[in-house]
Amino acid sequence: MNRCVVPGTFDPMHSGHVSVVQRAAKIFDEVVVAVAQSQSKSPKHSHEDRVRIARDLCSHIDNVVVEPFDGLLVDFVKSKNAKCVVKGLRNVDDFQDEISMATINKRLSNDFETLFLMSDPDKLDISSTRIRELESLGIDPNSLNL
Ligand code: PNS
């Protein structure tokens, strides 16, 4: 089975993430969405909530499973026997972050590749950071289709 992992903190998952997962699901037999504990980032939403939200948002995609993980991504990818990690890219800030993570992962393991999918043009403005800001101001992000 040709399986990929789409990892992230997903604090919280939004439609930009779902678009990347959906597109990965057309390329791979199975997509494992890996929701990181990411304790060092002090996520606003609990790990359990982030997993639940991701499961809700991806429930319409047949070949997607959502799983929590803690520890190194390379170990999780190996445990899933996946040959690819897929991440979305919106802009140069994402690129800088992602290239650094992908390079560290390459140093840790040569057993999988990292693939980047460009964000859908209509999702470029959507980020978990903005969603958290709106939530803290009492605005329901769902009302803005985020
Ligand atoms: O949503 P994010 O912040 O882009 O996701 C980052 C994530 C969770 C993929 C990254 O922090 C990660 O892989 N965490 C697991 C710990 C790890 O493997 N670190 C070494 C690679 S930088």
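Residues 1 to 146 in this note's numbering are what the sequence shown lists, from first letter to last.
Ideal placement from N, C-alpha and C gives every residue a C-beta, glycine not left out.
- The shortest C-alpha to C-alpha distance from A36 to any of E67, C58, D62 is the one to E67.
- In the three-state scheme derived from DSSP, where H, G and I count as helix and E and B as strand, A82 is classed as coil.
- Short note on N63: C-beta not closer than 7 Å to any heavy atom of the ligand PNS.
- Apart from the 5 residues on each side of it in sequence, L117 sits with its Cβ closer than 8 Å to the Cβ of V20, R23, A24, V86, K87, G88, L89 in its chain, given in chain order.
- Straight-line spacing of the CA atoms in I104 and D125 works out to 27 Å.
- Closest by C-alpha distance to L73, out of P12, V51, V32, V64, is V32.
- Here DSSP, grouped into helix, strand and coil, assigns G16 to helix.
- T114 has its CB no nearer than 7 Å to any heavy atom of the ligand PNS.
- DSSP places R3 in the uninterrupted beta strand (DSSP E) bounded by 3 to 8.
- In this structure, the ligand PNS has no non-hydrogen atom nearer than 7 Å to the beta-carbon of I126.
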